[in-house]
Structure formats: C-alpha cells, structure tokens
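Residue numbers (the UniProt record's numbering), protein chains in the order written: chain A, 1 to 245; chain B, 1 to 245.
There are 2 protein chains.
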Amino acid sequence: MANSDPVYLRVVEDLRRQIVDGTLPPGAPIPSRHQITRKYSVGETAARHALRVLAQEGLIIGRVGSGHRVRERPTLLPLHRTRTTEPLAAFAADVQSGGRHPTCTWRSELADAPPEIAQRLRVSEWSPVIRVRSVLRGDGRPLQLLTSYEPVEFGQSQAPEEGSGERRSAAFRLAAGGTPITEIGETVHVRVPQPTESDLLELPAGVQVLHVERTYWAGDRAVETTDAVIPGDRFRLVYGIPVSL
Amino acid sequence: MANSDPVYLRVVEDLRRQIVDGTLPPGAPIPSRHQITRKYSVGETAARHALRVLAQEGLIIGRVGSGHRVRERPTLLPLHRTRTTEPLAAFAADVQSGGRHPTCTWRSELADAPPEIAQRLRVSEWSPVIRVRSVLRGDGRPLQLLTSYEPVEFGQSQAPEEGSGERRSAAFRLAAGGTPITEIGETVHVRVPQPTESDLLELPAGVQVLHVERTYWAGDRAVETTDAVIPGDRFRLVYGIPVSL
DNA sequence: CGCGCAAAGTTGGAGTCACAGGTAGCGGCC
DNA sequence: GGCCGCTACCTGTGACTCCAACTTTGCGCG
Numbered sequence: 001m002a003n004s005d006p007v008y009l010r011v012v013e014d015l016r017r018q019i020v021d022g023t024l025p026p027g028a029p030i031p032s033r034h035q036i037t038r039k040y041s042v043g044e045t046a047a048r049h050a051l052r053v054l055a056q057e058g059l060i061i062g063r064v065g066s067g068h069r070v071r072e073r074p075t076l077l078p079l080h081r082t083r084t085t086e087p088l089a090a091f092a093a094d095v096q097s098g099g100r101h102p103t104c105t106w107r108s109e110l111a112d113a114p115p116e117i118a119q120r121l122r123v124s125e126w127s128p129v130i131r132v133r134s135v136l137r138g139d140g141r142p143l144q145l146l147t148s149y150e151p152v153e154f155g156q157s158q159a160p161e162e163g164s165g166e167r168r169s170a171a172f173r174l175a176a177g178g179t180p181i182t183e184i185g186e187t188v189h190v191r192v193p194q195p196t197e198s199d200l201l202e203l204p205a206g207v208q209v210l211h212v213e214r215t216y217w218a219g220d221r222a223v224e225t226t227d228a229v230i231p232g233d234r235f236r237l238v239y240g241i242p243v244s245l
Numbered sequence: 001m002a003n004s005d006p007v008y009l010r011v012v013e014d015l016r017r018q019i020v021d022g023t024l025p026p027g028a029p030i031p032s033r034h035q036i037t038r039k040y041s042v043g044e045t046a047a048r049h050a051l052r053v054l055a056q057e058g059l060i061i062g063r064v065g066s067g068h069r070v071r072e073r074p075t076l077l078p079l080h081r082t083r084t085t086e087p088l089a090a091f092a093a094d095v096q097s098g099g100r101h102p103t104c105t106w107r108s109e110l111a112d113a114p115p116e117i118a119q120r121l122r123v124s125e126w127s128p129v130i131r132v133r134s135v136l137r138g139d140g141r142p143l144q145l146l147t148s149y150e151p152v153e154f155g156q157s158q159a160p161e162e163g164s165g166e167r168r169s170a171a172f173r174l175a176a177g178g179t180p181i182t183e184i185g186e187t188v189h190v191r192v193p194q195p196t197e198s199d200l201l202e203l204p205a206g207v208q209v210l211h212v213e214r215t216y217w218a219g220d221r222a223v224e225t226t227d228a229v230i231p232g233d234r235f236r237l238v239y240g241i242p243v244s245l
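Spelled out as structure tokens, the structure:
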C-alpha cells in the first residue's frame with residue numbers, strides 16, 4: 001500500500017513501529033546506514049534520511065562512532081504550577097523530589113518594556129521595568145530559564161544586581177507588604193528554542209520547549225509577569241484545578 | 001568566529017536572523033537552493049540542509065514549484081482550561097470566539113484499561129472501561145483529539161455508540177446526580193505526534209503536540225480521565241490559578 | 001596476562017548529479 | 001483583449017562519493 005510513498009518513509013515507519021511496540025527496547029542498537037541500505041534495499045541517502053527523521057522525532061539518538069540507539073525515554077519530571085508567589089520554592093521542591101540539588105543564579109537590570117511585556121503588565125510600551133533573568137539548575141545542570149518583569153514602582157533596586165539563590169520577587173514583596181496577590185494567569189505554548197536558549201539549556205537537537213507566561217495580579221493591577229522556558233523532553237506541567245461548583 | 005561550525009549553520013543563522021528581526025517579513029520569498037549556493041558559496045547539500053532546518057523550526061514553509069516563504073505565524077488560539085465538567089463547552093467557546101464553528105464527533109466502546117490508564121483511574125490493570133474517542137473540529141477542520149476513559153460503573157451504555165455533538169461525560173453525569181467533582185488534575189507535556197494523530201489532525205511536518213492528561217476526582221475516587229492531543233502550532237493553553245492565601 | 005594501539009565501523013558534514021511533479025509567468029494565438 | 005499552453009524555475013526525493021572525527025574491538029607485543 002502507498003507504494004508511491006518516498007522510500008525513506010518505509011524505513012522510518014518500520015523502525016518506528018518496532019520502537020513503539022517494544023520490539024526495539026530503549027537502548028537497543030538501530031541498524032547502521034550500511035545495514036539499512038542492505039536490509040531495506042534502499043540507497044544510502046534514504047537510510048540517512050530515515051535515521052535523521054527518527055532522531056528529529058526524539059525516538060533514537062545517534063553518537064558519532066558508536067551508532068544509533070533507541071532513546072531512553074527520560075521520565076518526565078513533574079513541575080507543579082501552584083498557587084504560590086514564590087515560583088522558586090515549587091521548582092526547588094520538584095527538583096529535590098527528583099533527587100537533585102536545586103540551585104539558581106539571577107541577574108537583574110533596568111530595561112524598557114517591549115510591546116508584548118507592556119501589554120501583559122498593562123503599562124505603556126517601552127516604559128521602564130526591572131528585568132530579572134534567572135537560570136534554574138538541578139545538580140548544576142540547567143533545567144529552566146526564567147525571565148521576569150516588574151514595573152519599576154514595585155521593584156526594589158533599579159541598579160543592576162547579580163546573585164544566586166532566592167531573590168524576592170515583586171509579587172512576594174507586595175504580598176508580604178499587605179497587598180495580596182489575588183490571581184495568577186498562565187498561558188502555555190510550545191515553540192522551537194532560540195539558539196541562546198538551546199545553548200543555555202544544553203538542549204539536544206529536535207527538542208522543543210514549553211513557554212509558560214505567568215502574570216501575577218493584585219486586584220486589577222498586574223504586579224509581575226514571568227516567562228519560563230522549559231525543556232519539553234524533561235518536564236511535564238502539573239495543574240490542580242479546584243472545582244468551585 | 002566559530003569558523004569550524006558546519007557551513008549550513010552559517011546559512012541557517014543568517015536567514016534566521018533576517019526572519020526574526022523582520023528583514024524578511026512573513027510571506028517574503030526565501031532564496032532558492034541554487035541562489036543560496038551562489039550567494040553563500042556553499043554546496044547544494046548545505047543549502048538544502050539549511051532550508052530543511054528552517055522549515056523544521058517552523059520559520060519557513062516550502063511548496064513544490066513555488067519556493068520557500070517566511071511562514072505567517074498563526075496567532076495561537078487560547079484554549080481555556082477551566083473548572084468545568086464539560087470540556088466541550090470550553091472548547092466550543094474558545095473556537096467560537098476565534099470566529100469558527102465548533103463541531104464534534106465521537107465513538108464510544110468497551111475496552112480494557114492499559115496500565116497507564118488504570119493507574120490514573122485507580123483501577124486494576126486491564127479492567128473494563130468505556131473509551132470514548134472524539135475529534136473536535138472548527139469549521140470542519142480537525143483541531144483537537146480527545147480520548148476519555150470512564151470505569152464501567154460510571155458509564156451509561158457499554159455498547160459501542162457513535163454520535164456527534166454533545167456526549168455527557170461520566171463526570172458531568174455524576175455531578176448532575178449529586179456526586180460533585182471536587183478537583184481536576186491536569187498534566188501537560190510535549191511530544192511528537194503519532195502517525196495516526198498527524199493524519200487525523202492534518203499536521204504539517206515538524207509540528208509537535210501538546211498532550212494534556214486530565215483526571216476528574218470526586219473525593220478520592222477518580223471518575224474519568226481524558227487525553228487531549230492539541231496541535232502545538234495553533235493553540236496555547238490558558239490557566240487561571242486562584243490564590244487562596 | 002595485561003595493556004596499548006591500530007583497524008574497522010559509524011555518524012555527521014559536504015559536494016555533485018539527476019529526475020519527477022508542481023507553479024507561475026510570459027508569449028503567442030484566437 | 002483575453003485565454004491557453006509552454007517554458008523556466010523550484011522543491012522533494014534519491015543515488016553516489018569523499019572525508020573528518022569518534023568509538024569499539026580485537027590483536028599483537030611487551
């Protein structure tokens with residue numbers, strides 16, 4: 001059937017079937033290019049193309065010199081998106097329960113709000129905000145990128161700062177100061193990582209990222225908004241949705 | 001710098017820069033393979049490879065005969081993950097506000113709970129469940145796949161059924177019958193679509209999907225669990241997290 | 001018997017050529 | 001002036017080749 005399909009797809013489909021149905025378990029070696037050319041009677045281009053597609057899909061992983069193997073599907077670590085004003089605490093708990101030691105480094109500076117951020121914070125475009133870029137790590141390996149924006153009037157210091165570990169967010173400080181956060185809005189989408197993100201997160205090829213935009217509201221005022229960039233191959237987001245009926 | 005980088009990456013980076021900074025606006029034509037070989041003094045392989053990578057990243061789209069163009073970035077339709085026992089209602093509202101007409105077809109049948117589903121429903125493996133597969137559409141185009149599982153004791157009819165439009169879920173029927181749903185748990189992750197999903201959703205190459213697992217709880221009893229498969233290039237998930245502090 | 005090194009095998013990058021099928025624009029014909 | 005067909009161009013796929021870098025394995029030598 002579908003004899004007009006590209007040749008390489010025949011190879012892709014056969015190997016994929018064997019991987020998903022367990023004939024080829026995680027760690028099992030995949031036939032090499034030359035073996036594929038012989039086994040399926042295809043050219044080397046088709047064999048190479050098939051392997052590339054499967055690697056891109058994340059089903060196999062190739063290492064120079066030692067061949068392709070079925071990728072061990074990493075267990076997706078849960079990331080609890082909870083009702084707290086201190087996202088680091090939740091992250092730390094999740095990482096620790098995964099048996100790793102969480103750390104965090106950050107750098108804050110004054111910046112102008114680009115249109116999208118301005119809209120999310122309900123401030124005018126290019127108005128001054130404090131931008132904090134954080135890298136969250138587990139056992140030293142980068143796991144998540146966090147960029148948060150606070151209007152300057154909520155920020156503490158407008159001078160560039162750097163540090164590691166906890167940094168009190170605007171949301172946290174306002175909550176402690178008697179202005180409680182009333183709601184958190186999040187939107188989640190998938191996208192291809194930018195080169196710098198791919199670099200910082202040490203992402204293998206083909207991995208997409210979850211981009212989570214979170215905005216903290218105190219009444220009708222947006223207090224802080226953050227962008228989280230999360231490797232799609234290592235995490236799953238966990239939401240608890242209370243039913244108020 | 002980085003002169004040892006693969007040649008095709010030079011092309012990818014140059015074109016990507018032009019696309020993201022707006023030099024090449026959406027719809028603009030991308031140089032063809034032959035033009036790239038001349039302009040960047042690279043071989044045809046490198047040109048081809050560069051175009052493939054950019055297409056895989058979703059930045060450009062190629063059509064046989066008419067060349068590559070910068071992809072119009074589709075606005076990500078919001079999908080509100082709300083505290084309702086009738087997911088179709090939320091979906092319908094979101095699709096309608098996007099100016100499209102929502103429809104739904106479904107098919108229910110008796111099945112044995114595979115291990116993962118059994119665990120989510122807190123029933124023993126391979127115990128009988130009712131499985132409902134739905135395809136949600138907007139203006140006739142498939143937008144989302146939904147598979148839900150209910151333990152037979154909550155299900156209505158064990159005979160295979162088929163239909164379109166509303167189908168009362170176990171969660172809804174229990175709630176109406178006086179057993180209120182107390183919590184909804186969701187986990188979100190990204191993955192490569194399976195061939196059948198790619199087919200049903202008419203996904204272009206390189207698009208990954210959001211996989212949302214939702215479980216309805218009535219007290220400590222799992223009433224129903226659903227898997228939603230959502231094209232990652234067209235939707236973003238929206239969560240409202242009330243703060244109970 | 002053990003260790004090191006060389007050879008064989010593998011991936012990833014790169015070049016070249018070829019061909020089928022599709023698009024679009026231009027020119028000629030009615 | 002309008003319509004039709006042809007041609008040039010483009011993509012997707014495929015074959016064949018070469019090479020650098022790396023891993024593994026097994027053989028030979030000390």
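Here a beta-carbon is modelled for each residue, glycine too, at the ideal position from N, C-alpha and C.
Quick one: give me the first and last residue of the alpha helix (DSSP H) that residue i is part of.
| i | result |
| --- | --- |
| B:Y40 | Per DSSP, B:Y40 belongs to no alpha helix (DSSP H) and is neither H nor E. |
| A:I117 | 115-121 |
| B:L15 | 7-20 |
| B:F154 | It is not in any alpha helix (DSSP H) - B:F154 carries neither H nor E in the DSSP assignment. |
| A:P195 | 195-200 |
| B:A170 | 170-176 |
Just the Cα atoms here: how many angstroms apart are residue i and residue j?
| i | j | result |
| --- | --- | --- |
| A:W217 | A:G140 | 32 angstroms |
| A:P231 | B:R133 | 29 angstroms |
| A:A93 | A:P102 | 8 angstroms |
| A:L174 | A:V229 | 25 angstroms |
| B:K39 | B:D14 | 12 angstroms |
| A:A222 | B:L79 | 21 angstroms |
| A:V95 | A:G138 | 6 angstroms |
| A:G163 | A:Q194 | 25 angstroms |
| A:V192 | A:R81 | 22 angstroms |
| A:L24 | A:Q18 | 5 angstroms |
| A:A90 | B:V209 | 26 angstroms |
| A:P242 | A:G98 | 25 angstroms |
| A:R16 | B:P114 | 21 angstroms |
| B:H49 | B:D199 | 25 angstroms |
| B:M1 | A:L110 | Below a pLDDT of 50, predicted positions are generally treated as unreliable, and B:M1, at 44, falls in that range; no measurement from the model is reported. |
| A:Q35 | A:T45 | 13 angstroms |
| A:L54 | A:A170 | 44 angstroms |
| A:L203 | B:P6 | 18 angstroms |
| B:E161 | A:V135 | 51 angstroms |
| A:D21 | B:I117 | 17 angstroms |
| B:L146 | B:L77 | 18 angstroms |
| A:T37 | B:T196 | 27 angstroms |
| B:W126 | A:G58 | 29 angstroms |
On the DSSP bridge list, what partners appear for residue i?
| i | result |
| --- | --- |
| B:I184 | A:I241, B:Y216 |
| A:S66 | DSSP output for A:S66 lists no bridge partner at all. |
| residue 265 of chain A | Look at the range of chain A in this structure, 1 to 245, and you will see that residue 265 of chain A is not part of it. |
| A:S134 | A:W106, A:L146 |
| B:P29 | B:R69 |
| A:R236 | A:P78 |
| A:R141 | A:G138 |
| A:L54 | Answer is none; A:L54 lacks a bridge partner. |
| B:L210 | B:V190, B:I230 |
Can you tell which of the options has the C-alpha that lies nearest to the C-alpha of residue i?
| i | options | result |
| --- | --- | --- |
| B:P128 | B:R137, B:G178, B:E153 | B:E153 |
| B:Q158 | B:P6, B:R107, B:L59 | B:R107 |
| B:R234 | B:R73, B:T187, B:L88, B:G219 | B:R73 |
| residue 258 of chain B | B:T215, B:E162, B:E197 | No answer is possible for residue 258 of chain B: it lies beyond the span of chain B, which begins at 1 and ends at 245. |
| B:R168 | B:S148, B:L77, B:D21 | B:S148 |
| B:Y8 | B:R52, B:I19, B:T23 | B:R52 |
| A:Q56 | A:T225, A:E224, A:G206, A:L237 | A:G206 |
| A:V188 | A:R236, A:T226, A:L76, A:V212 | A:V212 |
| A:V12 | A:A47, A:S32, A:S41 | A:A47 |
| B:R131 | B:T225, B:R33, B:R236 | B:T225 |
| A:L201 | A:G219, A:L143, A:D220 | A:L143 |
| A:R236 | A:R71, A:E166, A:V190 | A:V190 |
| A:G219 | A:E197, A:D227, A:G185, A:V238 | A:G185 |
| A:T105 | A:D227, A:G165, A:L59 | A:G165 |
Would you mind reading off the limits of the beta strand (DSSP E) that contains residue i?
| i | result |
| --- | --- |
| A:S164 | 161-164 |
At least three beta-carbon pairs within less than 8 angstroms, the segment 111-127 of chain A to the segment 67-82 of chain A: no
Stretch-stretch touch, CB-based, cutoff 8 angstroms, three pairs: the segment 177-186 of chain A with the segment 12-29 of chain A: no
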